[in-house]
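The sequence shown maps to residues 173 to 430 in the numbering used here.
Note that beta-carbon positions come from the ideal geometry of N, C-alpha and C, so glycine has one too.
Read the structure below first, then the notes.
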Amino acid sequence: MPHTVLLAEDDRAIRNALERALTLEGYQVMAVADGVEALAQAHRNRPDVLVLDVMMPGIDGLQVCRVLRAEGDRTPVLILTALVETADRIAGLDAGADDYVVKPFDVEEVFARLRALLRRTSPVGVGESHGGAPAGGAPAGGTPVSGAPVPEAPRQLPERFIEAAGIRMDPQARRAWRGARELELTRTEFELLELLVRNAGIVLDHSTIYDRIWGYDFGPGSKNLAVYVGYLRRKLDDPDGPQLIHTVRGVGYVLRED
173 MPHTVLLAED DRAIRNALER ALTLEGYQVM AVADGVEALA QAHRNRPDVL VLDVMMPGID
233 GLQVCRVLRA EGDRTPVLIL TALVETADRI AGLDAGADDY VVKPFDVEEV FARLRALLRR
293 TSPVGVGESH GGAPAGGAPA GGTPVSGAPV PEAPRQLPER FIEAAGIRMD PQARRAWRGA
353 RELELTRTEF ELLELLVRNA GIVLDHSTIY DRIWGYDFGP GSKNLAVYVG YLRRKLDDPD
413 GPQLIHTVRG VGYVLRED
């Protein structure tokens, strides 16, 4: 069965062009012109993924996303936006979106991001990350911290839990805690944190993280990863506690307690 896409875009030319492109790519497309129609359609026929324009009359794409998340609907959401400031992107993530594409966009990028979102909705085994990296091991492309000892494997927790650097995660239930505080994470934030926790103490380069989380390397000019890391830091870090996600300039990111 083809995957179903609910597309909400008020610009008729863009909506029609994207609907045709998605249909030719093999998707079953439900195209609507505003947020009110999008919510009604999502309630009638739950899609596999939503593509929402931010700037729509009445209920905009972010409001649609907030309503669905408040209802407990975890269907992946890809946001289309002409807003390029970091604050605008953060607003989309805060609303519960999983990813975004900036207008004007290449339709191949939309296809790549949709494939990545749909892959992450497929079931995975308890012992492997959503990106396929084995628990406690470095994925292909991982670079050990220069001069540092090989990190100890995270201590074993009952059943399906993983833990490192004070972060505890339940991948099956998609829940995470720092200490006693539960973290409210979007799908992409959760999977990024899970990848870092499973490889605590290992520097993961940008291309490895893009491949494991998005299934596609968007190149050195992309700010996508930096935006997600920044937003994840805001949710993880305590005012009086140590920073957990560290930037290794020119290489990537590592999770560790200093």
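Every unbroken alpha helix (DSSP H) within the segment 198-257, with a cutoff of 4 residues, ordered by chain: Whole alpha helix (DSSP H) segments, 4+ residues: 207-216 and 233-242.
Endpoints, the beta strand (DSSP E) within which Ala180 is located: Per DSSP, Ala180 belongs to the beta strand (DSSP E) from Thr176 to Ala180.
Nearest-angstrom Cα separation, counted from Arg332 out to Ala254: One C-alpha to the other measures close to 41 Å.
Under the three-state DSSP convention, the category Gly402 falls into: Here Gly402 carries a helix assignment [DSSP, helix/strand/coil].
Buried/exposed call for Arg340, threshold 16 Cβ in 10 Å: Classification for Arg340: buried.
Length of the line joining the Cα atoms of Ile186 and Thr247: If I take the Cα positions, the gap works out to 23 Å.
Proximity of Met228 and Gln213 at Cβ, strictly below 8 Å: In this structure, Gln213 does not lie closer than 8 Å to Met228 by Cβ.
Neighbourhood of Ala234 by C-beta distance below 7 Å, restricted to the same chain and skipping five residues each side: Looking at the sequence provided, one finds Leu at residue 234 rather than Ala. Cβ-Cβ distances below 7 Å link Leu234 to Val226, Ala263, Gly264 and Ala267 in the same chain, with the five nearest sequence neighbours on each side left out; the list follows chain order.
Residue span of the beta strand (DSSP E) that contains Arg184, given as start and end: Taken as a continuous stretch (DSSP letters only), Arg184 belongs to no beta strand (DSSP E), being part of the alpha helix (DSSP H) at Arg184 to Leu196.
Neighbour-count burial assignment, Met354, 16 or more Cβ in a 10 Å radius: Looking at the sequence itself, residue 354 is Glu, so the reference to Met does not match. Classification for Glu354: exposed.
Thr419 - DSSP class collapsed to helix/strand/coil: Residue state, collapsed to three classes: strand.
Status (buried if at least 16 other CB within 10 Å, exposed otherwise) for Asn371: Asn371 should be labelled buried.
Nearest residue (CA-CA) to Asp206, options Asp220, Arg350 and Leu179: Comparing Cα-Cα distances from Asp206 to each of Asp220, Arg350 and Leu179, the minimum goes to Leu179.
Beta-bridge pairing of Ala336 - partner residues as DSSP gives them: In DSSP, Ala336 forms a bridge with Ile339.
Under 8 Å between C-beta atoms of Leu289 and Leu252: In this structure, Leu252 does not lie closer than 8 Å to Leu289 by Cβ.
Close Cβ partners of Arg346 (< 7 Å) along its chain, the five nearest in sequence each way excluded: The beta carbon of Arg346 lies closer than 7 Å to those of Phe362 in the same chain, with the five residues before and after it left out.
Coil, strand or helix - Ala429 by DSSP: The sequence shown places Glu at residue 429, rather than the Ala named in the question. Residue state, collapsed to three classes: coil.
Where Gly413 falls: helix, strand or coil (DSSP): Of the three classes helix, strand and coil, the one that applies to Gly413 here is coil, per DSSP.
Backbone secondary structure at Gly424 - three-state DSSP: Note: Gly424 maps to strand in three-state DSSP.
Paired residues, beta bridge with Arg353 - DSSP: As computed with DSSP, Arg353 is found in a beta bridge with Arg350.
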